[in-house]
Amino acid sequence: MAYIELKGITKRFDTVYANDGIDLEIHKGEIHALLGENGSGKTTLMNILYGRYRSDGGSILVGGVRRVFKDPADSIKAGIGMIHQHPDLVDTLSVEQNIAAGMGGGVVLARKSIRARIEEIAAQYELAVDPTRKIYQLSVGEKQTVEILKTFYRGVDVLILDEPTSVLAPPEARALFENLVKIKARGCAIVLITHKMHEVFEVSDRVSVLRKGRMVYTAPTAETTREILTEKMVGHALAEQVSAHHAVAADAERILRVQGLSVMGPFGQPALTDVNLEVARGEIHGIAGVAGSGQKELCDAIAGMCKVHEGEIYYHDKDITRLPIARRRAQGIRIGYIPEDRMDAGLVGEMKISGNVMLRRADYAARVFYSEKAARAYGKEILDAYKVDAVGPQQPVKNLSGGNIQKVLLGREIGEDPDLLITAYPVRGLDIGATDFIFQLLRKKREEGMSIVMVGEDLDVLLEQCDRISVMYHGRIVATFDADPANKGSIGACMAGAGGAA
Amino acid sequence: MMNDIGLFLQTAIIMGTPMLYATLGEILAERSGSLNLGVEGMMMTGALAGFLVGTTTNSPLLAVLCAGLVGAMGSMIFAVLTVSLKANQLVAGFVLTIFLSGLANLIGSGYGNSTLPKTFTSKISAIHIPGLSEIPLLGPAIFEQSILVYLGILTAVVLWLYMNKTRFGLSLRVVGENPSFADNAGIPVTLYKYVHIGAGGFLAGVGGSCLTLLIVPRWMESITAGMGWISIALVIFALWSPARAVFGAYFFGALRGLVFKLQSAPITISGKAFYIPAQILDLLPYLMTILVLVLITLGKRKENRPPLWLCRPYFREDR
Amino acid sequence: MISIQKRSAVSLRQKLPKQAVAILAALVVGALVILLFGHNPLAVYKEILSGALGSRYSRAQTIETLVPLLIMALGVTICYKIKFISIGTEGQLYIGAMFATYIALHLKGLPGPILLPLMLLASVLGGGLWCLLPAFLKVKFDTNETLVTLMLNYVAIKFITYLQYGPWKDPNVIGYPVIPQFTKNAILPDVLGIHAGWIIALALLVLTTVMLYRTKLGYKITVLGENPATARYAGFGTMKLTLLATFLGGGLCGIAGFIQASAIENSLTASISGNLGFTAIVVAWMGRLKPLPIAGFGLFVAVLIQGCAYLQISMGISHFMANVIQAIILFFILGSDFFINYRIAFRRAGEVTA
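Chains as they are written, first to last, in my numbering: chain C, -12 to 489; chain Z, 2 to 320; chain E, 201 to 554.
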């Protein structure tokens, strides 16, 4: 019998249905993969089970008894634990304080017994972290370990993990999966939220697929195939794509040259160490690596967004290492940037499309006055050229879908006619249609001679799209490969920290 | 001379006591992420309520308790607006001060000439500990004080233990630093905010009552005269720690005492008269607080900074 | 069980009825309080209206309250637009007034048409610098500007008191120390029966609106406020922009100080603001940082303040009652925002509605 039953769960955010009448059964002693594209409602559904969101309809049964979780405290009491995708801890407190926070027990905090218990659990699951350290001194991976420890500390019957491997290197991810199997053996139910197919087959017993807020498929993992799951996930079958990488000639013209680049993180820890990178004209240069390996800092440094500690960045043969962004345009530097989080450093969500497209032109297109009329005309131009689905340039960017937002951003950056475009996760969270559109666009721009740096998380996608791939690990570029599927194994090994020669 | 200084220290501590209570209260509120600018108003209602209950019941205990309760009731307006209705904390706090000080002055206008019963005053005035209070310099300051003074120190100690040694205190810090984390950890964020805003109001009310019961001791219009605002400064000065609040409050109390002294006579040091304008001393607490604020942001220790979610509304379903 | 959702867009038609209900509810609660103090609520409300709008004189008084309120609300709005949460309006007003007073007292030989603009410029400089200090601390050290500006209010007020008791004390006045009265050429003249501050306020309303919505500076300010990282990427020089915006914001509050000192008090005292600085912050938030709603809401509050002040004269009701009524109305409007911005649905626990 199912331990957890979700029946007809419905949740809307303002006017959008994130979950629409979802049924799901979770059994003890199984790992249940919840598969779906970004935005399909997986996380929302689990947040409802965890009591973080209140559903607008439907019911939850635990052990056959109907339960109402008003907040996470209720669900924790019912033995449900959830590990969120991005570690969310209190920076100024220590590991043990973070783990003990919110726990019942005596009034007085018994530090010694808390620490002893943490160490016991850590040993049991082979997780290592110093309980006295402050969170702001930890790496992302260590923070996730703290999250996992915190959940085990409470004791759980149902463990929900939201894309846990996105911040882990492959060996760390494997270790995590081994642990999940051990936990499962103790009778725990595990829900693994993921959009990575291989994880489903690697570890899960059953799999459910969500698409656009609806449950479209559930089956034992052994009885299904990649093809079925893909089709359920995206709504139609995918054509097999072949790599079409161009070999980059040794004497090709270098648009970008990064030499010995070091960048410090917010607490003075090295974020980039001695990074070397060369990008040729008309090349799509992929950057592979586990999230948080320094990709963001590298992109930011090239775009002029962060302070460089050591080393040089050459654009053509001009040293732009310390050239402020404001002065770059006047000096003929044409670098475009599609940052990792488009709403963080790229677009202004509250602003209209028109205001957003003017962002990089405001300074030379106007002396004193800002013309909304000109902005709208230019906005219209981009909407038409990139087939953006929007009411018009007067629509605020935040009301667009992810794909359309990305198109606006690309339109603006390409509109400045760059010969080097830095893109970080350019299709993250986008549907298939928008993804295809963007990849086609980038390939077309490459044919026209534009150089593109593309940070990606999915190695298969990078192999498909890029000409060469550099691998980052712990703030370094450890190797550069031709984007040949034959190199996949070596690239994967480098991502996990095996330093290889190019 | 020695005697003078002893008396001065005694006065400093008495003057610092209302601020100590209010500061401790505001520390609790701010630790939960709520910057309640209604302290001045809550102190004033507490001052009036304490006085009225004191004159009618002749019971210091009831007077102080009611003062606290009235302060807590006032703070609930702030809590409903900012926690449940997600209103801007600064605006809600300002309006709360306008409301409560208006209300206190309105109700209190008829009681300007009332006085506390003699028996009441004797119950609450300084406890004289024979022997110890005759120690020169520190004797009167430490061993000859009202029960309200000792209670203030006790409150600080209890709150320090609460915040640093209990799981509730840990949860409180978590709520102020990262409510989303607190929520995930099963800490009832809304409840914590309400309780600590309420406790903050209670202590502000008690602080106000020290004025009408002990220091002045009668009701006058706008009796708090900016003490609530200084208390908000003190919270920063004390770096959100109850232990440091004690010293901060007495130090600011000493400055205020000095202001009164200087209005009558200049300081003489070895026969030379130094004229320090009282108004300059009056603005010192604020200047020093700014200095402390700058220093803590210069420092590497993140622990000393304002609670991360101070002044930010929390809505669980924000993504 | 209650489920609450944030609305992404709110139309005027959704908003107005709810605000009307809030004000109505406030008036009812206010009426109860008035009753409790033994007055007739209807009579009191009628007096408030006639006290604020009933005669030419009272209307002029209301406008004179609105002038500093509006100017300061516009000033903090510029600061808030870049997410510089200043509550230092009072202090900026006083330092602005102080700078203007310095000019008025030291250059009193100049004719009005030269002296007054000089005073105005000085007040901008004073208020602007007083706001620049916390802004500098913020961009340089990331010091919390809300707390610093709060402290600076009191520093300013105490400093004015010091000037009044010490260096700027009028030697010709015996007894209570005061700062000398301005000469006639340092006092803003009346235009159409109201001091010329209203022209300044109107001009600033137009200028601020144009600046925010029609100039490159306003565009940059909006981008910086909504998303500092994006502003940095666009190469806007975020630090300079922050300092410029805060200087302008503080400068506007300084102008309010100049007007209060010159036209209302004809001198400088430590009470020229009448707490309007704090009220201006309330007005700016309630007007959602948009100039026209701010002007509208400012007028509403000015009517309330002026009408309530009149209660004391006409009905002998303490001016503290005015504070109480104002506060009740503000509480309700503040609370009503929640019902405007969130959608609230009630349903029984566990009920299936889908």
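From the three backbone atoms N, C-alpha and C, an ideal C-beta is built for every residue, glycine too.
When the options are compared against residue i, the one with the closest alpha-carbon
{"i": "Z/Arg219", "options": "Z/Met43, Z/Gly47 and Z/Ser76", "result": "Z/Gly47"}
{"i": "Z/Val65", "options": "Z/Thr57, Z/Gly75, Z/Phe52 and Z/Ile198", "result": "Z/Phe52"}
{"i": "C/Gly26", "options": "C/Ala5, C/Ile35, C/Ile9 and C/Val266", "result": "C/Ala5"}
{"i": "E/Ile271", "options": "E/Leu534, E/Pro389, E/Gly230 and E/Ile459", "result": "E/Ile459"}
{"i": "Z/Val96", "options": "Z/Ser172, Z/Val84 and Z/Phe79", "result": "Z/Phe79"}
{"i": "C/Asp376", "options": "C/Ala267, C/Val395 and C/Lys137", "result": "C/Val395"}
{"i": "E/Lys490", "options": "E/Ala243, E/Arg259, E/Pro268 and E/Ala273", "result": "E/Ala273"}
{"i": "C/Phe164", "options": "C/Val145, C/Leu370, C/Glu186 and C/His73", "result": "C/Glu186"}
{"i": "Z/Thr211", "options": "Z/Gly201, Z/Ile224 and Z/Gly199", "result": "The displayed chain sequence assigns Cys, not Thr, to residue 211 of chain Z. Comparing Cα positions, the closest option is Z/Ile224."}
{"i": "C/Gly89", "options": "C/Gln111, C/Ile108 and C/Lys64", "result": "C/Lys64"}
{"i": "C/Lys(-2)", "options": "C/Glu(-8), C/Ile9, C/Tyr(-10) and C/Ala(-11)", "result": "C/Ile9"}
{"i": "Z/Asn232", "options": "Z/Gly26, Z/Pro61 and Z/Phe261", "result": "The sequence shown places Ser at residue 232 of chain Z, not Asn. The option with the nearest alpha carbon to Z/Ser232 is Z/Gly26."}
{"i": "C/Arg430", "options": "C/Ala20, C/Arg415, C/Glu444 and C/Glu451", "result": "C/Glu451"}
{"i": "C/Val80", "options": "C/Ile(-9), C/Ile122, C/Gly281 and C/Cys286", "result": "For the sequence presented, residue 80 of chain C should be read as Leu rather than Val. That would be C/Ile122, whose Cα lies nearest to the Cα of C/Leu80."}
Whole-number beta carbon distance between residue j and residue i, since they are thought to touch under 8 Å
{"i": "Z/Ile154", "j": "Z/Val54", "result": "So it is not a contact: roughly 24 Å between Cβ atoms."}
{"i": "C/Met441", "j": "C/Ile242", "result": "Not quite, the Cβ-Cβ distance comes to about 14 Å (not below 8 Å), so this is no contact."}
{"i": "E/Gly149", "j": "E/Ile525", "result": "No statement about residue 149 of chain E is possible, as the shown extent of chain E runs from 201 to 554 and does not include it."}
{"i": "C/Leu197", "j": "C/Val203", "result": "7 Å"}
{"i": "Z/Met44", "j": "Z/Pro19", "result": "7 Å"}
{"i": "E/Val282", "j": "E/Leu404", "result": "The sequence shown places Ile at residue 282 of chain E, not Val. In fact, because the Cβ distance is near 18 Å, the residues do not count as touching under 8 Å."}
{"i": "Z/Gly254", "j": "Z/Ile14", "result": "6 Å"}
{"i": "C/Glu270", "j": "C/Val245", "result": "Incorrect: roughly 14 Å between the Cβ atoms, too far for contact."}
{"i": "C/Gly398", "j": "C/Ile369", "result": "4 Å"}
{"i": "E/Gln219", "j": "E/Ser467", "result": "Contact doesn't hold; Cβ gap of about 40 Å is too wide."}
Residue i (DSSP reduced to helix, strand or coil)
{"i": "C/Val245", "result": "strand"}
{"i": "C/Gly68", "result": "strand"}
{"i": "E/Phe531", "result": "helix"}
{"i": "C/Arg53", "result": "strand"}
{"i": "E/Asp390", "result": "strand"}
{"i": "Z/Ser76", "result": "helix"}
{"i": "C/Asp471", "result": "coil"}
{"i": "Z/Leu38", "result": "coil"}
{"i": "E/Asn427", "result": "coil"}
{"i": "C/Glu83", "result": "helix"}
{"i": "C/Val465", "result": "strand"}
{"i": "C/Lys261", "result": "Checking the displayed sequence, the identity of residue 261 of chain C turns out to be Asp instead of Lys. Three-state result, C/Asp261: strand."}
{"i": "C/Glu12", "result": "strand"}
8 Å Cβ cut-off: residues of chain D touching residue i
{"i": "Z/Lys166", "result": "Protein chains C, Z and E are contained in the structure displayed, whereas chain D is not."}
Heavy atom of the ligand PLP within 6 Å of residue i beta-carbon
{"i": "E/Leu417", "result": "For the structure depicted, the ligand PLP is absent and the ligand set is empty, with no information on it obtainable."}
Open item on the list: With three or more C-beta pairs closer than 8 Å as the rule, is the stretch 437 to 457 of chain E touching the stretch 225 to 237 of chain E?
Closed with: The way I'd put it, the stretch 225 to 237 of chain E doesn't touch the stretch 437 to 457 of chain E; fewer than three beta-carbon pairs between them come closer than 8 Å.
- [ ] Return the residues of the stretch 171 to 186 of chain Z that lie within a Cβ-Cβ distance of less than 8 Å from chain C, sorted by chain order.
- [x] Leu171, Ser172, Arg174, Val175, Glu178, Asn179, Ser181, Phe182, Ala183, Asp184, Asn185 and Ala186
Open item on the list: Count Cβ pairs between the stretch 300 to 309 of chain C and the stretch 373 to 385 of chain C that sit closer than 8 Å; are there 3 or more?
Closed with: The stretch 300 to 309 of chain C makes no contact with the stretch 373 to 385 of chain C: fewer than 3 CB pairs, one atom from each, lie closer than 8 Å.
TODO: Mind checking the stretch 370 to 393 of chain E against chain C and listing, in chain order, the residues whose C-beta falls within less than 8 Å of any C-beta there?
DONE: Considering only beta carbons, no part of the stretch 370 to 393 of chain E lies closer than 8 Å to chain C.
Open item on the list: Check whether the stretch 384 to 396 of chain E and the stretch 514 to 529 of chain E touch, using three or more Cβ-Cβ pairs below 8 Å as the test.
Closed with: no
Task: Segment contact, 8 Å Cβ cut-off, at least three pairs: the stretch 235 to 250 of chain Z with the stretch 289 to 299 of chain Z - done: yes
TODO: Mind the definition here: the stretch 199 to 207 of chain Z touches the stretch 56 to 75 of chain Z only if three or more C-beta pairs lie below 8 Å; say whether that holds.
DONE: yes
Open item on the list: Would you call the stretch 143 to 163 of chain Z in contact with the stretch 9 to 20 of chain Z, where contact means no fewer than 3 C-beta pairs closer than 8 Å?
Closed with: Output reads yes: the stretch 9 to 20 of chain Z touches the stretch 143 to 163 of chain Z.
Open item on the list: Quick test of the definition: if touching needs 3 or more C-beta pairs under 8 Å, does the stretch 314 to 328 of chain C touch the stretch 354 to 365 of chain C?
Closed with: no
Open item on the list: Under 8 Å: do the stretch 444 to 456 of chain C and the stretch 261 to 272 of chain C share three or more Cβ pairs, one atom per stretch?
Closed with: yes
- [ ] Please name the residues in the stretch 292 to 316 of chain Z whose beta-carbon is closer than 8 Å to at least one beta-carbon of chain C, in chain order.
- [x] Lys303, Glu304, Arg306 and Leu309
TODO: Closer than 7 Å, Cβ to Cβ, to anything on chain C: give me those residues from the stretch 188 to 210 of chain Z, in chain order.
DONE: Ile188 and Pro189
Open item on the list: Pairs of beta-carbons, one from the stretch 293 to 310 of chain E and one from the stretch 379 to 388 of chain E, closer than 8 Å: are there three or more?
Closed with: Three or more Cβ pairs drawn from the stretch 293 to 310 of chain E and the stretch 379 to 388 of chain E lie within less than 8 Å of each other, which places the two stretches in contact.
Open item on the list: Measuring CB atoms only, is the stretch 490 to 510 of chain E touching the stretch 331 to 343 of chain E, in the sense that at least three cross pairs come out at less than 8 Å?
Closed with: At 8 Å Cβ cutoff, the stretches do not touch.
- [ ] Decide yes or no for the touch test of the stretch 90 to 108 of chain C against the stretch 67 to 75 of chain C: beta carbon pairs closer than 8 Å, at least 3 of them.
- [x] no
Task: Residues within the stretch 39 to 73 of chain C neighbouring chain Z, beta-carbon criterion of under 9 Å - done: Arg39, Tyr40, Arg41, Asp58, Pro59, Ala60, Asp61, Ser62, Ile63, Lys64, Met69 and His71
- [ ] Could you say if the stretch 180 to 187 of chain Z and the stretch 150 to 164 of chain Z meet the contact criterion of at least three C-beta pairs nearer than 8 Å?
- [x] Per the Cβ contact rule, the stretch 180 to 187 of chain Z is not in contact with the stretch 150 to 164 of chain Z (fewer than 3 Cβ pairs under 8 Å).
Open item on the list: Would the stretch 344 to 357 of chain E count as touching the stretch 285 to 305 of chain E if we require 3 or more Cβ pairs under 8 Å?
Closed with: yes
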